[in-house]
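Student: First the structure, which I've put down as structure tokens, then a few questions once you've had a look.
In UniProt numbering, the protein residues as written are 1 to 169.
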């Protein structure tokens with residue numbers, strides 16, 4: 001029987017940034033490869049932003065290997081808003097609520113560290129798995145638009161209001 005040993009952390013050495021970005025380029029829950037043709041450029045930019053700490057990563061580890069990542073930041077224009085940029089869980093680890101744990105803790109850290117009152121994220125309108133996940137986690141659809149104009153279909157903007165009690169944690 002395989003041992004379950006999960007650890008979640010937002011503390012990681014800069015030397016681990018290459019591993020985090022490589023992980024993001026693997027199989028993804030949030031963003032199928034075909035939906036965002038320029039995803040690898042985004043991942044490289046994210047490497048620099050993680051290094052500068054303008055973006056943050058919350059890692060799920062099992063046996064010291066990355067099995068899940070949430071990338072989030074303070075929204076660049078809406079200062080009281082947390083923006084979840086990516087949520088990825090390794091396919092063989094899905095169904096263990098790792099994505100739920102990562103999302104919830106990104107919300108808590110964003111509320112605490114950024115004084116966020118709401119969370120925003122986006123995903124392709126055709127990504128029904130993510131739509132179901134976000135609705136289960138009390139996100140609502142705000143808008144439908146072709147956000148990136150890459151010819152890959154419409155996107156949905158999601159929003160979740162954070163309760164004031166979360167900001168005091």
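All residues carry an ideal CB built from backbone N, CA and C; glycine is no exception.
With a CB to CB cut of under 8 Å and the five nearest residues on each side skipped, what residues in its chain are close to residue 24?
Tutor: Within the same chain, residue 24 has close Cβ partners 43, 46, 69, 71, 86 and 88.
Student: Pairs of beta-carbons, one from the region 149-164 and one from the region 102-118, closer than 8 Å: are there three or more?
Tutor: Yes, since at least three Cβ pairs between the region 149-164 and the region 102-118 fall closer than 8 Å, the two stretches touch.
Student: Using beta-carbon positions only, say whether residue 58 and residue 106 come within less than 9 Å of one another.
Tutor: Their beta carbons are under 9 Å apart, which means residue 58 touches residue 106 by this criterion.
Student: Near residue 146, what residues of its chain come up, given a Cβ to Cβ distance below 6 Å and the 5 sequence neighbours on each side ignored?
Tutor: Cβ within range, chain order: 154.
Student: In chain order, what residues of the same chain lie with their CB nearer than 8 Å to the CB of residue 55, ignoring the 5 residues before and after it?
Tutor: 46, 49, 71, 72, 73 and 85, listed in sequence order.
Student: Taking DSSP as the reference, what is the three-state secondary structure of residue 155?
Tutor: Strand.
Student: Under 8 Å Cβ to Cβ from residue 8, same chain only, skipping five residues before and after it: list those, please.
Tutor: Closer than 8 Å at Cβ, skipping near neighbours: 58, 59, 60, 61, 101, 102 and 105.
Student: Looking at residue 128 and residue 99, is the spacing between their C-beta atoms short of 9 Å?
Tutor: Result no, Cβ atoms of residue 99 and residue 128 do not sit closer than 9 Å.
Student: Among 51, 5, 75 and 139, whose alpha-carbon lies nearest the alpha-carbon of residue 65?
Tutor: Among 51, 5, 75 and 139, the Cα nearest to that of residue 65 belongs to 5.
Student: According to DSSP, residue 160 sits in a beta bridge with which residue or residues?
Tutor: Beta-bridge pairing links residue 160 to 119.
Student: With distance defined between alpha-carbon atoms, name the residue in 10, 37 and 81 nearest to residue 118.
Tutor: The option with the nearest alpha carbon to residue 118 is 81.
Student: Grouping DSSP H, G and I as helix and E and B as strand, with all else coil, what is residue 73?
Tutor: Residue state, collapsed to three classes: strand.
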